[in-house]
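2 is the number of the first residue of the sequence shown in the working numbering; add one for each residue after it. The C-beta atom is built at its ideal place from N, Cα and C for all residues, glycine as well. Inspection log for the structure reproduced underneath, given as structure tokens.
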Amino acid sequence: MSTENEERTVVVPKSAAEIQRLKLEKLMKKIDKEVYIPDARDPKLPRVFKPPEFIRNVWGSSAGAGSGDFHVYRGVRRREYARQKFLKEMTEQEKKDQEFQEKLEKHKREDEEKVSKKRAKRLKKKMKLKGKKQQKTGKESKPGERNDSESEEDTDDECEPKQAVKGPEKNDEEISE
2 MSTENEERTV
12 VVPKSAAEIQ
22 RLKLEKLMKK
32 IDKEVYIPDA
42 RDPKLPRVFK
52 PPEFIRNVWG
62 SSAGAGSGDF
72 HVYRGVRRRE
82 YARQKFLKEM
92 TEQEKKDQEF
102 QEKLEKHKRE
112 DEEKVSKKRA
122 KRLKKKMKLK
132 GKKQQKTGKE
142 SKPGERNDSE
152 SEEDTDDECE
162 PKQAVKGPEK
172 NDEEISE
């Protein structure tokens, strides 16, 4: 009997913490019951953007409409305009994104073409120098034999080309001072 009296007594919360405590106590009394947690809305979508409503009774701002119908019509019209504006902005954004991606692809292709042309030119020049060097050394060695210098050149082909490192140059005037 005492539990029924406790349940029937109305407790007036005096602070936000007390409201929260009462809600938690209510949830803890029925611990087996599932709690409904609403899904979070997509922050990008405006509030007025909902699935299209099927309006069976079409209104207008005509003289034959009732006095309350105009406000309903105005609200529906406002939501529809907001929805159309949102859809238009989304299509424009998608179009801009697509154009940007196409532009990036175009630049990548152009850069790759330039790089491949320069690479071919470097390799051609390298082979030409290698051929001249082989002609000079070819007189000294037989065609079937390989020199140590040739084997070193072959390993250089596999690695990236090395660049000479130059230190700070000093003039004779700087040294004498």
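Report whether the distance from the Cβ of arginine 79 to the nearest heavy atom of the ligand GTP is below 8 Å.
Absent from the structure shown: the ligand GTP. Ligands present: none.
Please report how far the alpha carbon of glycine 139 lies from the alpha carbon of lysine 109, in whole angstroms.
Looking at the two C-alpha atoms, the distance is approximately 43 Å.
Suppose you measure from the CA of lysine 24 to the CA of valine 36; what does that come to, to the nearest Å?
12 Å
Could you pull out every residue in the same chain whose Cβ sits closer than 7 Å to the Cβ of aspartate 112, ignoring the five residues on either side in sequence?
none
Going by DSSP in three states, glycine 132 sits in which element: helix, strand or coil?
helix
So what does DSSP say about leucine 23, is it helix, strand or coil?
In the structure shown, leucine 23 sits in a helix (DSSP, three-state: H, G or I).
Spatial neighbours of proline 39 within its chain, please: C-beta separation below 8 Å, excluding the five flanking residues on both sides.
none
From isoleucine 32 to leucine 105, what distance separates their C-alpha atoms?
56 Å
Do you know how far the Cα of threonine 92 is from the Cα of alanine 121?
43 Å
Specify the secondary structure class of serine 68 as computed by DSSP and reduced to three states.
coil
Whole angstroms is fine: what's the gap from alanine 29's alpha carbon to arginine 9's?
Sequence check: residue 29 is methionine here, not alanine. C-alpha separation (whole angstroms): 17 Å.
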